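Remarks on the structure that follows.
Number of protein chains: 2
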Amino acid sequence: MSRGVEWAVHCCLDLAWAGNGEAVPVSRLAAFYDLPVAYLNKQVQALVRAGIASSVSGPRGGFRLARRPERISLLDVVTAIEGTEPAFRCAEIRQQGPFGGTPESVTGPCLVDQAMRRAELAWRRELAAQTLAGLAEAVERAAPDVPDRARRWFDSHT
Amino acid sequence: MSRGVEWAVHCCLDLAWAGNGEAVPVSRLAAFYDLPVAYLNKQVQALVRAGIASSVSGPRGGFRLARRPERISLLDVVTAIEGTEPAFRCAEIRQQGPFGGTPESVTGPCLVDQAMRRAELAWRRELAAQTLAGLAEAVERAAPDVPDRARRWFDSHT
DNA sequence: GGAGAACTACTCGGATAACCAGTGTCCGAGTTGTAAGGG
DNA sequence: CCCTTACAACTCGGACACTGGTTATCCGAGTAGTTCTCC
């Protein structure tokens, strides 16, 4: 899985905390985690294309969340970065080779593919159950000062 | 996900059907699905390294399943090809940047990582629940003649 | 005719290149705040 | 003093190189069956 997924999730959390109406430029986010600025920009652009974040150009510009954190699931973020295609893509090799041409061999869908899709569906279901708000709440419960410190840091470095 | 996973699962099914004590050479398997021989060999070798299949060299040699199909799960096959490392690997970026050095910031494990691991665990659980025997049975139920035809084809092309 | 040895063909196994997606970087388009200049 | 206008700085956005991993291929090590030779 792409490295940008971790970046995107953490940045979304920071946007949820620091974004009190203010847009956060990607340079700030990159400085906060010591990440390459331009590449992180690329990832956040993917969030914009997916409708998770919105962008503002020019001075005082930056990114902010397009929806409330309660309405953004981890699955949304992951699919925004990784794309919607399933990790396992059935190439229907059972239809190749000497038995491939016969129409009698294609009775119903490929069960191997089905089993894989079922597993991947469970993965997606688990990701969809977790929202950004829920994750943020869990972090606040575990370390109550982290969000405040982050917010203050983002506000101070104007 | 690697393309070889699909090949491995299908080949394991064929080994379970065609392997009545006889070892099946990889050239036979490759011909059955019209796949590149040497590369498929590489994948099946991974199955051997994982203890799923066993190999016999020389004439009348080939591969066979090392355990009964009831004892081989889809997760076994997938991890044999893809490796045991999780798809999402937490790089702990929360510990980088200006806040990284402070020891107070590392309160407990990374919750983002935890959420991702939970999802991946659900995926693994679903894969582990499906055995090769169960999958083979499902195929027989959907298309009762497929296993027999496969067995006959593998036996005929000595 | 039978036993032994050399040979041949066949298989796996790992070492070796080609290709592609992910990774990283750069510069241009657009926008906003600012400052200068004139009325 | 106030309005207009040009400027400058800052941000996103997409286009351009680089790199590790998957994909693909080849040749060597080892083994079983076969055949030839000798007793």
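First to last, the sequence lines map onto chains A and B. So for the first sequence, my numbering puts the first residue at 1; every next one is plus one. So for the second sequence, my numbering puts the first residue at 159; every next one is plus one. The beta carbon of each residue, even a glycine, is placed where N, CA and C say it ideally should be. These numbers come from a predicted model, not from an experiment.
Residue-level contact to chain B via CB, residue i, 8 Å cutoff
i: F88(A); result: yes
i: R152(A); result: no
i: V148(A); result: It should be noted that the sequence gives Asp, not Val, for residue 148(A). No, D148(A) does not count as interfacial toward chain B.
Closest by C-alpha distance to residue i, when choosing among the options
i: F264(B); options: E250(B), A277(B), R276(B) and A273(B); result: Reading off the sequence, residue 264(B) comes out as Val, not Phe. Checked all of E250(B), A277(B), R276(B) and A273(B); the closest Cα to V264(B) is E250(B).
i: P25(A); options: A150(A), V44(A) and L13(A); result: V44(A)
i: D306(B); options: R226(B), F221(B) and N178(B); result: N178(B)
i: L15(A); options: A38(A), E6(A), F63(A) and D34(A); result: F63(A)
i: Q288(B); options: E228(B), T242(B), G219(B) and Y197(B); result: E228(B)
i: P302(B); options: M116(A), A128(A) and G108(A); result: G108(A)
i: E126(A); options: A291(B), A181(B), A280(B) and A286(B); result: A280(B)
i: L35(A); options: P244(B), Q254(B) and R282(B); result: Q254(B)
i: S57(A); options: A8(A), A133(A) and A23(A); result: A23(A)
i: V167(B); options: A133(A), C110(A) and L75(A); result: C110(A)
i: L198(B); options: L223(B), C169(B) and R226(B); result: C169(B)
i: P86(A); options: A66(A), R67(A) and M116(A); result: M116(A)
Neighbour flag for residue i against chain A, beta carbons, 8 Å
i: E298(B); result: no
i: W175(B); result: no
i: Q288(B); result: yes
i: V202(B); result: no
i: V184(B); result: no
i: V195(B); result: no
i: V167(B); result: yes
Span separating the alpha-carbon of residue i from that of residue j
i: F32(A); j: R252(B); result: 9 Å
i: D271(B); j: S55(A); result: 27 Å
i: D155(A); j: R207(B); result: 54 Å
i: E82(A); j: S2(A); result: 7 Å
i: F99(A); j: A277(B); result: 38 Å
i: P217(B); j: A296(B); result: 34 Å
i: E298(B); j: R310(B); result: 15 Å
i: R89(A); j: G162(B); result: 11 Å
i: L47(A); j: A53(A); result: 6 Å
i: G134(A); j: A150(A); result: 18 Å
i: E164(B); j: W17(A); result: 43 Å
i: A128(A); j: G219(B); result: 48 Å
i: L171(B); j: A294(B); result: 7 Å
i: A30(A); j: A188(B); result: 48 Å
i: R67(A); j: T84(A); result: 20 Å
i: L290(B); j: L233(B); result: 10 Å
i: K200(B); j: L65(A); result: 46 Å
Within chain B, partners of residue i - CB distance below 7 Å
i: Y33(A); result: I251, Q254 and G255
Contacts that residue i makes with chain B (C-beta to C-beta distance below 9 Å)
i: G108(A); result: A300 and A301
Within chain A, the residues that residue i reaches when beta carbons sit closer than 7 Å
i: A277(B); result: W123, E126 and L127
i: L232(B); result: A115
i: V163(B); result: F88
Neighbouring residues, chain A, relative to residue i (Cβ below 8 Å)
i: L293(B); result: L111, V112 and A115
Outcome for residue i when other beta-carbon atoms lying within 10 angstroms are tallied against a minimum of 16
i: G209(B); result: exposed
i: S73(A); result: buried
i: T237(B); result: buried
i: A142(A); result: exposed
i: V146(A); result: buried
i: V77(A); result: buried
i: R186(B); result: buried
i: A38(A); result: exposed
i: R282(B); result: buried
Contacts that residue i makes with chain B (C-beta to C-beta distance below 8 Å)
i: L40(A); result: Result: empty, since nearest Cβ-Cβ is about 10 Å, beyond 8 Å.
i: V77(A); result: Chain B residues near V77(A): none, gap ~10 Å exceeds 8 Å.
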